[in-house]
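All remarks here apply to the structure that follows.
Number of protein chains: 2
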Amino acid sequence: MRIGELSERTGTPRRLLRYYEEQGLIVADRLPNGYRVYDGSNVDRVLQIRGLLDAGLPTRIIKQILPCLNKPRIIHFPDATPEMLATLEGERDRMTERIRCLTRNRDAVAEYLDAVREKRSAPSS
Amino acid sequence: MRIGELSERTGTPRRLLRYYEEQGLIVADRLPNGYRVYDGSNVDRVLQIRGLLDAGLPTRIIKQILPCLNKPRIIHFPDATPEMLATLEGERDRMTERIRCLTRNRDAVAEYLDAVREKRSAPSS
DNA sequence: TCGAACCCTCACATCGATGTGAGGGTCAAG
DNA sequence: CTTGACCCTCACATCGATGTGAGGGTTCGA
């Protein structure tokens, strides 16, 4: 597929697909005329990138963690330098902290909404 | 306490404390000379704000969900307009999605790190 | 009284993610 | 051959979060 279809299938502006490529998050083959071509796997990849961006991770980090994911179960260690491993460990912990914070606040919001709804259905006060 | 101490206790630049106030996320009393004064509760509040910002929420949303939280168990409904409730519901769902995405990827990173460590301790290949 | 260490406001700069559009090719259908 | 719908690169603009510093007050101890 070309960029337009990938854009539609992922709900992502073409501009950003080119940006993600520029940042090394996705790769695209080129037709002889220069057009980008993608295969189906790019749809999931882009959606994953968007999710991580939305969760607050910068492209620089996403670029590092993506190679560890959605590969087949064979994990291959191309250039796992100690610094990179340390970075990943730190990022894993940061993600855990993010999850904790988000969960706590999400639950609080949900609780609030439930309380409001209950009040609405039983206007006793 | 004044802004310097709050800054130290939260690891947040003064600049940002003023910014959060400007965005309506925190409030500060003023000394007669114009200095901001805070009480202890602001420490937690600022940390919570930072956590949410780090998790990818914009100040505009944080401002809306903060009043639903860390209040005593008495939830008071000052001006719960239907649009605001809808916004909160949407945001709750977005947070849930974020949590899902983060968890999935965090687990994948953790798995990768574990695999690397195992390989390192048993260099059989 | 002076200097250090606070505080204030204001304003411009930076950075990453994203929007927008100019200027220009490619290609299929009419 | 032309038109419309694609695609390309390039570059400037915007937006939110943050950095930085100028210019200036307050407080306090040497």
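Here the protein sequences line up with chains R and A, keeping their order. Going by UniProt numbering, the first sequence opens with residue 1, and the numbers climb by one from there. Going by UniProt numbering, the second sequence opens with residue 1, and the numbers climb by one from there. C-beta: ideal position from N, C-alpha, C; glycine also. Treat the numbers as computed from the prediction; the structure is a model and nothing was measured.
Annotated as distal: A:Arg-98 and R:Ala-108, with beta-carbon spacing of 7 Å or more.
With respect to the 7 Å criterion, A:Tyr-20 and A:Ile-49 are classified as neighbours on the basis of their beta carbons. Between the C-alpha atoms of A:Pro-13 and A:Cys-68 there is a straight-line separation of about 26 Å. In summary, R:Tyr-35 is exposed, with fewer than 16 beta-carbon neighbours lying within 10 Å of its beta-carbon over all protein chains present. R:Leu-102 sits close to A:Met-95, with the two beta carbons spaced by under 7 Å. Residues of the UniProt domain "HTH merR-type" (1-68) of chain A that bring their beta carbon within less than 7 Å of a beta carbon in chain R comprise Gly-51, Leu-52, Asp-54, Ala-55, Gly-56, Ile-65, Cys-68, in sequence order. Residues of the region 78-89 of chain A that bring their beta carbon within less than 7 Å of a beta carbon in chain R comprise Ala-80, Leu-85, Leu-88, Glu-89, in sequence order.
The three-state secondary structure of R:Val-27, taken from DSSP, is coil.
In the structure shown, R:Arg-2 adopts coil according to DSSP, grouped into three states. For A:Ala-108, the nearest CB of chain R lies under 7 Å from its own CB, placing it at the interface with that chain. When C-alpha distances from A:Leu-88 are compared across R:Thr-87, R:Arg-106, R:Leu-57, the shortest belongs to R:Arg-106. Around A:Glu-91, the beta-carbon contacts reaching into chain R at under 9 Å are Arg-106, Val-109. Ranking R:Leu-113, R:Leu-25, R:Ile-3 by CA distance to the CA of R:Pro-58 puts R:Leu-25 first. Contact check for A:Leu-16 against A:Asn-42 fails: the beta carbons are separated by 7 Å or more. 7 Å or more divides the Cβ of R:Ala-122 from the Cβ of A:Val-116.
For R:Asp-44, the enclosing alpha helix (DSSP H) covers residues 41-54.
Per DSSP, the continuous alpha helix (DSSP H) segment holding R:Leu-17 begins and ends at 14-22. Pairing R:Arg-100 with A:Ala-110 gives a Cβ-Cβ distance that is not under 7 Å. Excluding the 5 residues flanking it on each side, R:Ile-3 has same chain C-beta neighbours closer than 7 Å at Arg-14, Leu-17, Arg-36, in chain order. Straight through space, the alpha carbons of R:Arg-60 and R:Gln-23 are spaced by roughly 8 Å. In the DSSP assignment, A:Thr-59 falls within the unbroken alpha helix (DSSP H) covering 59-65. Considering only R:Leu-31, R:Ile-65, R:Leu-113, the residue with the shortest C-alpha distance to A:Tyr-112 is R:Ile-65. Distance from R:Tyr-38 to R:Met-1 at the Cβ level is roughly 5 Å; contact confirmed, criterion being Cβ atoms closer than 8 Å.
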